[in-house]
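**Student:** Questions regarding the structure given below will be posed in turn.
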Amino acid sequence: HESDINSVNLFPDGKCFGTGSDDTTCRFFDMRACGEVSEFKNDNIVCGITSVSFSRSGRVMFAGYDDYNCLGWDTLGSTDKHVFQMQGHDNRVSCLGVSPSGDALCTGSWDMVLKVWA
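Counted the way my numbering counts, the sequence shown spans residues 211 to 328.
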């Protein structure tokens with residue numbers, strides 16, 4: 211990363227992890243390879259990432275952004291195009307989490323609202 215790392219979250223199998231940074235990127239690391247596997251970014255995104263979490267299967271890495279959005283990135287797909295976008299907060303997304311069953315994503319924001327996306 212080229213700026214502060216704000217979030218680290220382990221992959222469901224415990225062998226990988228994802229990070230989110232003020233440099234506008236999410237990164238995916240494999241501890242078995244001792245290095246970075248993917249960097250998720252888009253030139254149109256100009257704000258930092260506050261939090262990251264994985265779907266139950268690990269196929270999607272969710273990231274909360276300072277621009278009030280939450281994006282989902284396909285960990286096996288394109289690194290420059292997100293596959294999900296959750297909009298609706300009126301301030302930065304400060305935290306997020308996926309339910310153990312994988313049926314819901316929760317986002318918390320500086321707008322004092324918790325949203326459940328199911």
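Even glycine gets a Cβ: it sits at the ideal position worked out from N, Cα and C.
(1) Could you round the C-beta distance between residue 285 and residue 307 to whole angstroms and report it? I think they count as a contact, below 8 Å.
(2) Using DSSP with H/G/I as helix, E/B as strand and the rest coil, what is residue 306?
(3) Could you check which residue in 241, 314, 312, 299 has the C-alpha nearest to that of residue 322?
(4) Return the residue from the list 263, 258, 255, 251 that minimises the CA-CA distance to residue 226.
(5) Could you check how far apart the C-beta atoms of residue 257 and residue 276 are, in whole angstroms? I think they sit under 8 Å.
(6) Taking the beta carbon of residue 242 as the centre, do at least 16 other beta carbons fall within 10 Å, making it buried, or is it exposed?
(7) Curious, which full-length beta strand (DSSP E) runs of at least 3 residues does the segment 243–317 contain?
**Tutor:** Let's see:
(1) Not quite, the Cβ-Cβ distance comes to about 17 Å (not below 8 Å), so this is no contact.
(2) Assigned with DSSP and collapsed to three states, residue 306 falls in strand.
(3) Answer by Cα proximity: 299.
(4) Comparing Cα-Cα distances from residue 226 to each of 263, 258, 255, 251, the minimum goes to 263.
(5) Between residue 276 and residue 257 the Cβ distance is about 4 Å, and since that is below 8 Å, they are a contact.
(6) With fewer than 16 Cβ atoms within 10 Å of its Cβ, residue 242 is classed as exposed.
(7) Taking only runs of at least 3 residues, the beta strand (DSSP E) segments lying wholly in the segment 243–317 are 245–250, 259–264, 270–275, 280–284, 294–296, 303–308.
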